[in-house]
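**Q**
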Ligand SMILES: Cc1cc2nc3c(=O)[nH]c(=O)nc-3n(C[C@H](O)[C@H](O)[C@H](O)COP(=O)(O)OP(=O)(O)OC[C@H]3O[C@@H](n4cnc5c(N)ncnc54)[C@H](O)[C@@H]3O)c2cc1C
Ligand code: SF4
Ligand code: SF4
Ligand code: SF4
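Protein chains in written order, with my numbering: chain S, 167 to 507; chain Y, 24 to 135.
Below you can see the structure in the form of structure tokens.
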């Protein structure tokens, strides 16, 4: 019986599996969807250097043909029975899977923008999310819902993040740099379009992110307004009116735009949220899995033999996800070695 | 424009060494949430008074923090206490209560 189980076939679960298989260890990889790759499959190019996401995903192309890998697709894990040894995973369809060790790589989901009603998502067609824009960029086709080329686009930062009103007080870390990435890509496709980013703080935490910000100003004439969107309305011609304060000037601002892109934040997946109600694994204040500590055990859980990989513990970039997944694989390997002796 | 009086620069520098913090501290005592504003401007953008006058609730908060309280009472008369600012604030700051407290404290001081 193969016992190492990995829940989630996103980039984190794929990297963990790849490393364990490389060590000659058999792995059961469980994915609820019908395809591997997770959220990354929806995105066109990646910050910081516009590498196509397909290139990163391509590194795992040959994984499914590895005979040591048992791949369970369309299998959604609903609960973990901690009373058995090994632990038992139960799927929605009633399959029981032994797991020891278990690596949880269930990732994230994006904030449901409909919950910020005043921003107009789901009410006005011109209001879209950053995930929807990624799909348009992937198809090299950015148009308004009415088939027109948008002449002005406003990117709205911090949607569903840093917002006590929706219960997400944390910063999602990646949406500032994602906005800049998307603004540049949009400008490349639509050079005549005016682009404005509405931000509260610009968080360019990566070594080369500030350069991209500078480049957005220098090469692409992207405008930055310091102020958070307060509300959206629609005109008869379907264009949008947005209200904010230009806080650096200190006056309220109104702007017409053809399209609004909401930079939706990253939230814990349903799988981790459910542990807030059922005991077994610790959930932090923000709904993500809580690692043993924030320094040298970020991929360990409080439970023996259970490890975390990737965005199941909080927002991370692709590079950070892959590194974290490697740490999880290493932890799982030393756990197995310790057990042998 | 006379309505700009309140926002007029009074000193060249903000004088951090001689800040008049008495009112600020009292407001924070009454309404602690006032302390964690991130100056995002949502309150100002949605403010009922701010949409018709030069009233800027975010700047008033900031100016109070810098101890520049001259003319504050007069300026606050423009607030309609509608509470829209509190509704939109991402940090859940009870701004309407802040306004009411400033008024209360200033009045108390005058009658004392
Ligand atoms: C709009 C946007 C743009 C981004 N752009 C970039 C970028 O340019 N560069 C960059 O570095 N990062 C970017 N990111 C971040 C990037 O998406 C993440 O770093 C990465 O996808 C995380 O991978 P993951 O495997 O941890 O999670 P996920 O991709 O979420 O994978 C988790 C997998 O687990 C599966 N799963 C979940 N629950 C269960 C269950 N109960 N049972 C079975 N399977 C389950 C899911 O179906 C999914 O396949 C962006 C994020 C957003 C929101
Ligand atoms: S990364 Fe930027 S847009 Fe995202 S939550 Fe943080 S500050 Fe807001
Ligand atoms: S909305 Fe709240 S956080 Fe933003 S400026 Fe106003 S009081 Fe401060
Ligand atoms: S309560 Fe006063 S400050 Fe707040 S929105 Fe209404 S008028 Fe503006």
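Don't be surprised by glycine CBs; every beta carbon is placed ideally from N, CA and C.
Using alpha carbons as the reference points, say which of Y:93, Y:134, Y:81 lies closest to residue 121 (chain Y).
**A** Y:81
**Q** How is residue 385 (chain S) classed by DSSP in three states: helix, strand or coil?
**A** Note: residue 385 (chain S) maps to coil in three-state DSSP.
**Q** Are the C-beta of residue 25 (chain Y) and some C-beta of chain S separated by less than 7 Å?
**A** Its pLDDT being 44, under 50, residue 25 (chain Y) is placed unreliably in this model, and the value from its coordinates should be taken loosely. No, because no Cβ of chain S sits closer than 7 Å to the Cβ of residue 25 (chain Y).
**Q** At which residues does the alpha helix (DSSP H) containing residue 297 (chain S) begin and terminate?
**A** Annotation for residue 297 (chain S): the continuous alpha helix (DSSP H) segment containing it runs 296–304.
**Q** Name the two residues that bound the continuous alpha helix (DSSP H) containing residue 501 (chain S).
**A** 484–506
**Q** If I measure Cβ to Cβ from residue 450 (chain S) and keep anything under 7 Å in the same chain, skipping five residues before and after, which residues do I get?
**A** Apart from the 5 residues on each side of it in sequence, residue 450 (chain S) sits with its Cβ closer than 7 Å to the Cβ of 456 in its chain, given in chain order.
**Q** Mapping DSSP to helix, strand and coil, what is residue 477 (chain S)?
**A** helix
**Q** Relative to ligand 6, is the shortest distance from any of its heavy atoms to the C-beta of residue 432 (chain S) smaller than 6 Å?
**A** As for ligand 6, it is missing from this structure, which binds only ligand 1, ligand 2, ligand 3 and ligand 4.
**Q** With hydrogens ignored, establish whether the beta-carbon of residue 323 (chain S) is closer than 6 Å to any heavy atom of ligand 2.
**A** yes
**Q** Under a Cβ-count criterion, where at least 16 other Cβ atoms within 10 Å of its own Cβ denotes burial, should residue 497 (chain S) be classed as buried or exposed?
**A** buried
**Q** For a contact defined as C-beta to C-beta under 7 Å, what are the partners of residue 366 (chain S) on chain Y?
**A** Identification of chain Y residues near residue 366 (chain S) by a Cβ-Cβ cut-off of 7 Å yields 61, 63, ordered along the chain.
**Q** Evaluate contact between the region 233–249 of chain S and the region 188–199 of chain S, counting only Cβ atoms and requiring at least three cross-stretch pairs below 8 Å.
**A** yes
**Q** Are residue 103 (chain Y) and residue 72 (chain Y) close, meaning C-beta to C-beta below 7 Å?
**A** Taking 7 Å as the cut-off, the beta carbon of residue 103 (chain Y) is found closer than this to the beta carbon of residue 72 (chain Y).
**Q** Indicate the three-state DSSP secondary structure (helix, strand or coil) for residue 539 (chain S) in the structure shown.
**A** Because residue 539 (chain S) is not part of the residues shown, which for chain S are 167 to 507, the question remains open.
**Q** Residues in the region 89–111 of chain Y with C-beta within 7 Å of chain S's C-beta atoms, listed in sequence order?
**A** 111
**Q** Within 7 Å of any Cβ in chain S, is that where the Cβ of residue 120 (chain Y) sits?
**A** It does not; no Cβ of chain S falls within 7 Å.
**Q** Taking the beta carbon of residue 164 (chain Y) as the centre, do at least 16 other beta carbons fall within 10 Å, making it buried, or is it exposed?
**A** Since the first and last residues shown for chain Y are 24 and 135, residue 164 (chain Y) lies out of range.
**Q** With three or more C-beta pairs closer than 8 Å as the rule, is the region 260–274 of chain S touching the region 363–383 of chain S?
**A** With a cut-off of 8 Å, the region 260–274 of chain S and the region 363–383 of chain S do not count as touching, because too few Cβ pairs lie within range.
**Q** Note down, in chain order, every chain S residue with its Cβ under 7 Å from the Cβ of residue 72 (chain Y).
**A** None at all; the shortest Cβ gap to chain S is about 11 Å.
**Q** Can you pull the chain Y neighbours of residue 418 (chain S), defined as C-beta to C-beta under 9 Å?
**A** 64, 67, 68, 69, 70, 73, 74, 79
**Q** Of the residues that make up the region 334–368 of chain S, which ones have a beta carbon closer than 9 Å to any beta carbon in chain Y?
**A** 335, 366, 367
**Q** Measure the CB-CB distance between residue 79 (chain Y) and residue 67 (chain Y) and report whether it falls below 7 Å.
**A** yes
**Q** Taking residue 296 (chain S) as the reference, give the member of S:217, S:277, S:446 with the closest Cα.
**A** S:277
**Q** Can you find a C-beta in chain C that's less than 7 Å from the C-beta of residue 330 (chain S)?
**A** Given the protein chain composition of this structure (S and Y), no chain C is represented.
**Q** In the DSSP assignment, find the beta strand (DSSP E) that holds residue 362 (chain S) and state where it starts and stops.
**A** 360–365 is the extent of the beta strand (DSSP E) around residue 362 (chain S).
**Q** Alpha carbon to alpha carbon, how far is residue 326 (chain S) from residue 421 (chain S)?
**A** 22 Å
**Q** Taking only beta-carbon atoms, is residue 52 (chain Y) less than 7 Å away from chain S?
**A** no
**Q** Name the chain S residues whose beta carbon is nearer than 8 Å to that of residue 34 (chain Y)?
**A** Close partners of residue 34 (chain Y) in chain S (Cβ separation under 8 Å) are lacking, with about 18 Å as the shortest Cβ gap.
**Q** Suppose you measure from the CA of residue 188 (chain S) to the CA of residue 499 (chain S); what does that come to, to the nearest Å?
**A** 11 Å
**Q** Return the first residue and the last residue of the alpha helix (DSSP H) that residue 81 (chain Y) is part of.
**A** Looking at the DSSP string, the run of the alpha helix (DSSP H) that includes residue 81 (chain Y) is 80–88.
**Q** Does chain S have any CB closer than 7 Å to the CB of residue 55 (chain Y)?
**A** No - not a single Cβ of chain S is within 7 Å of the one on residue 55 (chain Y).
**Q** When you compare the region 433–452 of chain S with the region 99–114 of chain Y, are there three or more beta-carbon pairs, one atom per stretch, that lie closer than 8 Å?
**A** no
**Q** Tell me the rounded alpha-carbon separation between residue 347 (chain S) and residue 463 (chain S).
**A** 32 Å
**Q** Taking 8 Å as the cut-off, does the region 350–361 of chain S touch the region 314–325 of chain S (at least 3 CB pairs, one atom from each stretch)?
**A** yes
**Q** Judging by CA-CA distance, which residue of S:257, S:485, S:337 is the nearest neighbour of residue 177 (chain S)?
**A** S:485
**Q** Just tell me which of S:470, S:262, S:218, S:230 has its CA closest to the CA of residue 448 (chain S).
**A** S:470
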